[in-house]
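K.L.:
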Amino acid sequence: KRHLISAADLTRDDAVLILDTAEELARVADRPIKKLPTLRGRTVVNLFFEDSTRTRISFEAAAKRLSADVINFSAKGSSVSKGESLKDTALTLEAMGADAVVIRHHDSGAPHRLATSGWIGGSVVNAGDGTHEHPTQALLDAFTMRRHLAAGAGRDLTGRRVTIVGDVLHSRVARSNVLLLTTLGAEVTLVAPPTLVPVGVERWPCEVSYDLDAVLAKSDAVMMLRVQRERMNAAFFPTEREYARRYGLDGARMAAMPEHAVVMHPGPMNRGMEITAEVADSPRCTAVEQVANGVSIRMAVLYLLLGGAVLDAPAAPAEPR
Ligand code: CP
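Position in the sequence shown (first residue = 1) + 1 = full-length UniProt numbering.
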């Protein structure tokens, strides 16, 4: 495959290859020199039209650990503010020799447009488009679940029960996770206020519930979603107190989860709304670990898309082609 636009593009074998490759590459982080020469001479462009902390920095760290050159483009402060189009921005980057473009955009479908337009010749990786998808987030979430929930089971998530809670309507993380986790055999339940459930959710391969307390005891992982106020009409803002009471994860609810179950959050968090500080800072919450795992996943994605040299044991890195 040349691009990564949607979690739906990944077969189970594709997803397992990325996850297993990320496991290999994670070992690089444990070495004194955290670099492989695999993508030396290749250029990765981070093209961010929307704000990001975790995704942008981890793609940059991933590319650098593979020895690629990295160009960071942020729409803020660029000629986009003068009205330059996505096409002209892409043609400009192509002229600078981009081998891969990692794009985050406020419009759902922008990465697909970039991948199919012919404006650029390299690989396109979706780093989050509108309310559509965020496939590398889903991959790093699956990677984290495999480590916690399937370590002794050949890293197989079949039958694991994942509950995704909150603002599903605006969540590209939820959509990509439902698609990827079901491909990997997990069973997903979405829990949300009725006003934050997307139209057509009955066609998604998952269950839907409006009662968080009813599903907690049956969950192996509970993934809390950020309430995305910036994508809501102010008139539809839920009040923080009411939202937290019905859909927030606090210490009492966490205690109702099975002992082995983990709490996940893609970040950034609204502490006090979808998750209390007590839960966010508890050892059962994997939010910080998810960020670290994101570097390994993004290394694997860039490595596989850009046709890195044969993956060898990180102790004996292969030479670049
Ligand atoms: N999870 C996530 O995409 O975070 P950022 O918006 O900080 O990249």
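Every residue gets a Cβ at the ideal spot worked out from N, C-alpha and C, and that includes glycine.
(1) Considering Glu210, what are the terminal residues of the beta strand (DSSP E) in which it resides?
(2) Return the first residue and the last residue of the beta strand (DSSP E) that Arg162 is part of.
(3) Quick check on this structure: which residue in Arg147, Arg247, His171, Pro239 has the alpha carbon closest to the alpha carbon of Met265?
(4) Would you check if the region 21-31 and the region 47-62 touch, i.e. whether three or more CB-CB distances between them fall below 8 angstroms?
(5) Below 8 angstroms, how does it come out for the region 202-215 and the region 127-143: are there three or more Cβ pairs, yes or no?
(6) Roughly how many angstroms separate the alpha carbons of Leu92 and Ala151, rounded to a whole number?
(7) By how many angstroms is the C-alpha of Thr137 removed from the C-alpha of Ala316?
(8) When we look at the beta-carbon of Asp282 and count the other beta-carbons within 10 Å, is it buried (16 or more) or exposed?
(9) Decide if Ala253 is buried, meaning its Cβ has at least 16 other Cβ atoms within 10 Å, or exposed.
(10) Taking only heavy atoms of the ligand CP into account, decide whether any of them is closer than 7 angstroms to the Cβ of Gly273.
(11) From what residue to what residue does the beta strand (DSSP E) around Ile298 run?
(12) Taking Cβ positions, are Ala128 and Val163 nearer each other than 8 angstroms?
(13) How should Val297 be labelled, buried or exposed, when 16 other C-beta atoms within 10 angstroms of its C-beta is the threshold for buried?
(14) Confirm, please, whether the CB-CB distance from Val166 to Leu213 is below 8 angstroms.
P.N.:
On the basis of the coordinates in this document:
(1) Your numbering for residue 210 matches position 209 in the sequence shown. First, the residue type needs correcting, since residue 210 is Ser and not Glu in the sequence shown. Residues 208-210.
(2) Mapped onto the sequence shown, residue 162 falls at position 161. Its beta strand (DSSP E) spans residues 162-166.
(3) Against the sequence shown, residue 265 aligns to sequence position 264. Selection Arg147, Arg247, His171, Pro239 evaluated against Met265 yields Arg147 as nearest (Cα-Cα).
(4) Touching, no, given that fewer than three Cβ pairs across the two stretches are closer than 8 angstroms.
(5) Not touching, per the Cβ criterion.
(6) Here residue 92 is taken as the residue at index 91 of the sequence shown, counted from 1. Here residue 151 is taken as the residue at index 150 of the sequence shown, counted from 1. Taking the straight line from one Cα to the other gives about 44 angstroms.
(7) Counted from its first residue, the sequence shown places residue 316 at position 315. Counted from its first residue, the sequence shown places residue 137 at position 136. Here the model assigns Ala316 a pLDDT of 39, short of 50, so the residue's position is not dependable, and the following value carries that caveat. Rounded to whole angstroms, Ala316 to Thr137 spans 26 angstroms at the Cα level.
(8) For the purposes of this step, residue 282 is taken as the residue at position 281 of the sequence shown. The residue in question, Asp282, is exposed, as its Cβ has fewer than 16 Cβ neighbours within 10 Å.
(9) Locating residue 253 in the sequence shown gives position 252, where the first residue counts as 1. Under this definition Ala253 is an exposed residue.
(10) Here residue 273 corresponds to residue number 272 of the sequence shown, with the count starting at 1. At a threshold of 7 angstroms, Gly273 does not count as near the ligand CP, since its beta carbon sits no closer than that to any of the ligand's heavy atoms.
(11) Reading the sequence shown from its first residue, position 297 is the one you call residue 298. Looking at the DSSP string, Ile298 is not in any beta strand (DSSP E); the run it does join, the alpha helix (DSSP H), is 288-306.
(12) As a working mapping, residue 128 is identified with position 127 in the sequence shown. As a working mapping, residue 163 is identified with position 162 in the sequence shown. Note that the C-beta distance between Ala128 and Val163 is not below 8 angstroms.
(13) Locating residue 297 in the sequence shown gives position 296, counting from the first residue. First, the amino acid is wrong: residue 297 is Ser here, not Val. Looking at its Cβ environment, which holds 16 or more other Cβ atoms inside 10 Å, Ser297 is buried.
(14) On the sequence shown, position 212 is the one that residue 213 refers to. On the sequence shown, position 165 is the one that residue 166 refers to. In this structure, Val166 lies closer than 8 angstroms to Leu213 by Cβ.
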